[in-house]
Structures are given as C-alpha cells and as structure tokens.
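Undergrad: Quick one: the structure is below, and I'll ask about it shortly.
Numbering (my numbering), first residue to last: 12 to 605.
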C-alpha cells in the first residue's frame, strides 16, 4: 500500500442503485490490485469529512466501485457530486473475507450487499456455488440484484412488505432454507448488526462457520486511535471481518460507540436501564511475567517492565488490556476531559512519509464521568494504569480530578500540550499551568502526577521546572509537534481540524525527543517518561541513557503492531545481558556519567 494519506481521484461514473444508494466508480490500479472482498477504503470529501466505504467491485483493469448510502453529512454531500469531481481515496484497509468450502451462503441486508457482491465475484471465479440471500424493507431498496444474477449466483430475495420474493425477514428465509435441508460449508453476512447477530445465532445452532462484516465509526483507519473498538479489536486493523466465534467474546449486538467513544446501545433511541447492559464481556485476569532485568520502580509504583503505550492510542479499556497482554508493563488511557467530545471530522490521522504521521483527533473522549467502565476493563490486566486527563482552566481541571481520583488508577498524567486544540494555550501560560498542577496534585495526592509537555514552546526545561515546583512528580516528554499538511492540488488542509493544524509524531520526533529528555534529566529532580519516535531497542537504550525511566510507544503501534512490546522486551534483555547489566535501571542517566 502507498502512504496512508488521501489521494485525489476523478469520479468516472455514478449510478443510482436504489432510492438511498448510489454507486461511484473510480480508477485506481493500486487499490484494485490490493483489494480483497470485505476490505474498505476511506473516502474523503474535501472540506467535509472522510468515511469508510466497503469495496463493491475491483476488477483487474483498475476500476474501483463503491456503494454509498445517503445516511450522514458526508455521504449526503457525496451524493451531490458529479462525474469528473475530485474525491480523495486511501486504502484498502482491514481484514477481508476468507472464502472456504464449495457451497457458500451470503446473507445481505440493505447496502451490506456491496462487499458481498465483491465476495461473490471472487467465489464464482474460484468455481464455488454461491447462494445469496438479500433482504430489504421493499423491492425498491434491493441492491445489486441483476449483478448477482449475472454472476450466476442462486439469488433469493426477502422483503418485509412482500413486494418481491419471500415476505418477511431475510433471517427467517435463512432459517427456513436450513430446515428444508440446504447445506453450506460457510456463511458470510453483512448488514444491520441485529440482523447479523441473528444470522450468527442460526448458524451456530447449525454448526456452520460464519464470517461477519462489522461496522463501527472509523477515524484513523490504521489501528492508532482505537475509535472503532469492538471488545479490544480494532475494526480498521483486525476487522472489519470477524468469525462468529471472535464476536462471541465482544459486545457485538448489544452496544457500540459514539464518535466520542461513549458506549451506546446498538438499537438507537433505546433508554438504557441498567449499567450492566453496556458492560464488556469480562476477559481473563492477566498477570505479567516476572522479569528481573526489566522491573522498574517510579514514584513508588512497581512496573513489571518500563514499556507502555502512549496516551491517545485507544479509548477502550479492552484495548489497553490487549496492550498489557502483548507485553506492555503499564497502560495509558486516551486523554479524558470533563465533558464528552466527538473530536474533529476526518481525516484525523495521515502518513506524511514512512513512520512519520500527523494527527488532529480533537481530543475525542466520553467525559470523565463516563469513563469508569473502561478503567474496570483495563484493570483485568494487573499492570499499572495511567489516567491521562486534560482541561483548560483550574476550575475545569479540579472538577476532572475530583472524579478521576475515585477510579482505581496508579498515576495521573496531565496533558498540558495537545497542539491542535484550544487546550494548547495551557502549556503556553506558565502561571495557569502552575495553578492547574497545584490543584490536581492536592486532589489526587498521594497518587503521583505526571505532566506531559511538547517541544512547541521555546523552553521545555523551564516549563518542566515550573511544573516540578508546582508539585508534579514526573515529566512526560515529548508530545507531538505542530504541523499543517496541505493538499497541493486543492490548496486546502488535509486534516479535518477547522484550522488545519495537527500534531506530528513518529520518526521525526526521535532525535529531538532524546535531546529534550537529556536536558530535562540534567536539570530536574523528578523522573522523566520518554515518548516520541520509539521504534527500536536502540531508541529505548538512548532514551534511558539520556535519563528516561519509562518509555511510551505510540507510532510504532501503527507500523509494528502490538508485537512491538514483546520485541522490545526481548531485545532489551538481550542487550542488558550482553553488556553485564543486572537491571535496566542501571542504564538510566548513563549519558550524564561519562
């Protein structure tokens, strides 16, 4: 795949498929070549938003067809486009369908027929028998009926009003066919979530392997932000296609997430009576392995190893749990504020060059009052939990801290430096920042308080010294660097932030981050947590020698995956043994002892 950044494509053709769905055809040999049934692309309507759309067709010649339903602001704007207009595309993303067995049944609901059309095409090319069960409220809303017939699929239609085919639900049709003796080696399904949940229930009773294409809100598209979380799975990376068995261990069919990350029922406008209705499926308790070479103590807190994720890489407690199981010695929440925030429109995360990213998420979060369930999930992993919080006034931060202190967290981290929001002003006002640190420290004491700073101010050491005087116990350095990428063709910002600004992360922060940590260790009396461009064991070693005691990994989770934690631990232990160290703590500050 090319860089994870929107590339402009002309609309080659538009066709009205149903009252609510239009198909858009583009030409992209790269996307068509790499696409697999069930995968999706991100579709950018410049200046509006960017949304995930499943691929309906991608023949070898380079045509890419997408079926877009008019269901939101961005899709409505796309429905106003004409042939020749420019639209941004990037992808394909995610895990697609695996086509197994000689007899496959595909159950489609509404515009869920689009990815199944692509799957049917590939299945028929492989000589498989394909039965398609397509359901809609009426015949007018059926999608790709002729296309399925042209593929020589055995098509059965169900409409709720009886205007075509079987009268009733498509799931009832599936059940009747199985009762009548139809046999399938596999079922694929895409459509409304409750429909797919019922399909899974039916196929489970009949012991038919089933794959499900799940829809969630997608922002970064590359596994970074966790907005598309499903029981710790990232839809954009681990999905959107899952087996029914994988979904059994998640909240599938019960609740989903709003743009803020807040848990909401799958059925819209349903009043949630008991909090239990929004609970996760509990994972097994996890205790990290004892590793004498890597065990670390900071501010009286024992860490099984000094690695953690960086703040912002997942709102979900279940995803934090996965980080711990993957090898992180601590986990850090997304930054949480007093009120629920949806964040900015997409694009929110783009790749400028390999391992170099810019994000403008806009601090999406469910609000501190709504975050307790995520912390409960994260605590199934018995590693230290760092709660990142933010606010832009003493009063607001005081209110956040008073709620936050009731949660079972080990360290609090105040995000003083989000560079692309209105909260960037906090870092630039030393008097305000000092007041905030003092009030948070008073409220959360005796728990340690870290403060996260960026390189966007001229004197990070002075800022850190001020925080130390105000009561901060740890400094986390560094946050992202201010950037404003622009599409050269349209001369408009690529990011959805109204100002166009974002924060640059990845390899571009590595050298500067190490220099700032060196300077901080030299002047401070409190520990330093390193974050910024950590990709290799040498980065960890350099940061440690420059003075860092803990190491937060961010961008490497995108390029290397969750395996980054186990790899770094393995290579760290090899280095320490080879050089005669008994514990990683002996490395800390080594560059200052020459």
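Every residue gets a Cβ at the ideal spot worked out from N, C-alpha and C, and that includes glycine.
#1: At the level of alpha carbons, what is the spacing between residue 166 and residue 145?
#2: Alpha carbon to alpha carbon, what distance is there between residue 594 and residue 320?
#3: In this structure, how does DSSP classify residue 390 when only helix, strand and coil are distinguished?
#4: Compute the Euclidean distance between the alpha carbons of residue 401 and residue 270, then round it to the nearest angstrom.
#5: Please go through the same chain and pick out, in chain order, the residues whose beta-carbon is closer than 6 Å to the beta-carbon of residue 49, but skip the five residues on each side of it.
#6: Within 10 angstroms of its Cβ, does residue 98 collect 16 or more other Cβ (buried), or is it exposed?
#7: Using only the alpha-carbon positions, how far apart do residue 541 and residue 528 sit?
#8: Do you know offhand how far residue 227's Cα is from residue 353's?
#9: Output the boundary residues of the alpha helix (DSSP H) element that contains residue 133.
#10: Nearest by alpha-carbon distance to residue 310: which of 149, 450 and 458 is it?
#11: What residues in its chain sit with their C-beta under 8 Å from that of residue 397, if we drop five residues either side in the sequence?
#12: Grab the span of the alpha helix (DSSP H) containing residue 576 for me, first residue to last.
#13: Is residue 438 helix, strand or coil by DSSP?
#14: Figure out for me which residue from 128, 113 and 18 has the closest Cα to the Cα of residue 138.
#15: Out of curiosity, what's the CA-to-CA distance linking residue 102 and residue 53?
#16: Starting from the C-beta of residue 34, find all residues in its chain whose C-beta is less than 6 Å away, skip the five residues before and the five after it, and write them out in chain order.
#17: Determine the extent of the beta strand (DSSP E) in which residue 319 is found, giving its start and end residues.
#18: Given this structure, state the Cα-to-Cα distance separating residue 493 from residue 360, to the nearest angstrom.
#19: Using 8 Å as the Cβ pair cut-off and three pairs as the minimum, do the region 582 to 597 and the region 541 to 555 touch?
#20: Between which residues of its own chain and residue 472 is the CB-CB distance below 7 Å, once the five residues before and five after are set aside?
#21: Am I right that residue 367 and residue 517 are in contact with their C-beta atoms under 8 Å? What's the rounded C-beta distance?
#22: Classify residue 417 as buried or exposed, calling it buried when 16 or more other Cβ atoms lie within 10 Å of its own Cβ.
#23: Using the beta-carbon count (16 or more within 10 Å), is residue 298 buried or exposed?
#24: What span of residues does the beta strand (DSSP E) with residue 140 cover, start to end?
#25: Just to confirm the assignment, what range does the beta strand (DSSP E) spanning residue 308 have?
#26: Could you check where the alpha helix (DSSP H) with residue 570 kicks off and where it finishes?
#27: Assign residue 228 to one of three DSSP states: helix, strand, or coil.
#28: Exposed or buried, what is residue 303 when buried is set at 16 or more other beta-carbons lying within 10 Å of its beta-carbon?
#29: Compute the distance between the beta-carbons of residue 513 and residue 441, then report whether it is under 9 Å.
#30: Identify whether residue 260 lies in helix, strand or coil by the three-state DSSP scheme.
#31: What would DSSP say about residue 35, mapped onto helix, strand or coil?
#32: What are the uninterrupted segments assigned as alpha helix (DSSP H) that are 4 or more residues long and contained completely in the region 463 to 538, given in chain order?
#33: Could you check what DSSP says for residue 551 in three-state terms: helix, strand or coil?
#34: In whole angstroms, what is the alpha-carbon distance linking residue 44 and residue 74?
#35: Taking 6 Å as the limit between beta carbons, can you name the residues of its chain near residue 543, skipping five residues before and five after?
#36: On the criterion of 16 or more Cβ atoms from any shown chain inside 10 Å, does residue 334 qualify as buried, or is it exposed?
TA: Let's see:
#1: Here residue 166 corresponds to residue number 155 of the chain shown, with the count starting at 1. Here residue 145 corresponds to residue number 134 of the chain shown, with the count starting at 1. Near 8 Å, if we compare the C-alpha coordinates of residue 145 and residue 166.
#2: Translated into the one-based positions of the chain shown, residue 320 becomes position 309. Translated into the one-based positions of the chain shown, residue 594 becomes position 583. A direct Cα-Cα distance of roughly 21 Å separates residue 320 from residue 594.
#3: Counting from one through the chain shown, the residue named residue 390 turns up at place 379. Of the three classes helix, strand and coil, the one that applies to residue 390 here is coil, per DSSP.
#4: Along the chain shown, read from residue 1 onward, the residue named residue 401 stands at position 390. Along the chain shown, read from residue 1 onward, the residue named residue 270 stands at position 259. If I take the Cα positions, the gap works out to 18 Å.
#5: On the chain shown, residue 49 is found 38 positions in, with the first residue counted as 1. Contacts found: 107, 108, 126, 224 and 252.
#6: By one-based count along the chain shown, residue 98 stands at place 87. Buried, because 16 or more other Cβ atoms sit within 10 Å of the Cβ of residue 98.
#7: As a working note, residue 541 is residue 530 in the chain shown. As a working note, residue 528 is residue 517 in the chain shown. Their backbone Cα atoms lie some 7 Å apart in a straight line.
#8: For the purposes of this step, residue 227 is taken as the residue at position 216 of the chain shown. For the purposes of this step, residue 353 is taken as the residue at position 342 of the chain shown. Here the C-alpha atom of residue 227 lies approximately 14 Å from the C-alpha atom of residue 353.
#9: Here residue 133 refers to the residue found at position 122 of the chain shown. Counting along the chain, the alpha helix (DSSP H) containing residue 133 begins and ends at 124 to 136.
#10: For the purposes of this step, residue 310 is identified with residue 299 of the chain shown, where counting begins at 1. Minimum Cα distance to residue 310 is reached at 458.
#11: In the chain shown, the residue the question calls residue 397 occupies position 386. Taken in chain order, the residues that qualify are 319, 322, 341, 342, 343, 344, 420, 421, 422, 423, 424 and 461.
#12: Translated into positions along the chain shown, residue 576 becomes position 565. Note, residue 576: alpha helix (DSSP H), 575 to 589.
#13: Within the chain shown, the letter at position 427 stands for residue 438. Correct three-state label for residue 438: helix.
#14: Against the chain shown, residue 138 aligns to sequence position 127. When only C-alpha atoms are compared, the closest one is 113.
#15: In the chain shown, the residue the question calls residue 102 occupies position 91. In the chain shown, the residue the question calls residue 53 occupies position 42. Each residue's Cα considered, the two are about 6 Å apart.
#16: In the chain shown, counting from the first residue as 1, residue 34 sits at position 23. The residues are 26, 28, 76 and 78.
#17: Locating residue 319 in the chain shown gives position 308, counting from the first residue. Residue 319 -> beta strand (DSSP E) spans 318 to 320.
#18: If you number the chain shown from 1, residue 493 lands on position 482. If you number the chain shown from 1, residue 360 lands on position 349. In a straight line, the C-alpha of residue 493 is about 14 Å away from that of residue 360.
#19: yes
#20: Within the chain shown, residue 472 is the residue found at index 461, counting from 1. Within the same chain, residue 472 has close Cβ partners 530, 531 and 534.
#21: Stepping through the chain shown from its first residue, residue 367 is reached at position 356. Stepping through the chain shown from its first residue, residue 517 is reached at position 506. Residue 367 to residue 517, Cβ: 5 Å. Contact.
#22: In the chain shown, residue 417 corresponds to position 406, counting from 1. The residue in question, residue 417, is exposed, as its Cβ has fewer than 16 Cβ neighbours within 10 Å.
#23: If you number the chain shown from 1, residue 298 lands on position 287. Residue 298 is exposed by the Cβ-count criterion.
#24: Mapped onto the chain shown, residue 140 falls at position 129. Its beta strand (DSSP E) spans residues 140 to 147.
#25: As a position in the chain shown, residue 308 is number 297, starting the count at 1. Its beta strand (DSSP E) spans residues 307 to 309.
#26: Position 559 of the chain shown, counted from the first residue, corresponds to residue 570. For residue 570, the uninterrupted alpha helix (DSSP H) segment begins and ends at 567 to 570.
#27: Taking the chain shown and counting its residues from 1, one reaches residue 228 at position 217. Correct three-state label for residue 228: coil.
#28: Position 292 of the chain shown holds residue 303. So residue 303 counts as exposed.
#29: In the chain shown, the residue the question calls residue 513 occupies position 502. In the chain shown, the residue the question calls residue 441 occupies position 430. No.
#30: As a position in the chain shown, residue 260 is number 249, starting the count at 1. Residue state, collapsed to three classes: coil.
#31: For the purposes of this step, residue 35 is taken as the residue at position 24 of the chain shown. Annotated three-state conformation of residue 35 is strand, per DSSP.
#32: 471 to 481 and 521 to 534
#33: One-based indexing of the chain shown puts residue 551 at position 540. Helix.
#34: Along the chain shown, one-based indexing puts residue 44 at 33. Along the chain shown, one-based indexing puts residue 74 at 63. Near 10 Å, if we compare the C-alpha coordinates of residue 74 and residue 44.
#35: Locating residue 543 in the chain shown gives position 532, counting from the first residue. Only 489, 520 and 524 meet the Cβ criterion.
#36: Working through the chain shown from its first residue, we reach residue 334 at position 323. Around the beta carbon of residue 334, a 10 Å sphere encloses 16 or more other beta carbons of the protein chains shown; the residue is thus reported as buried.
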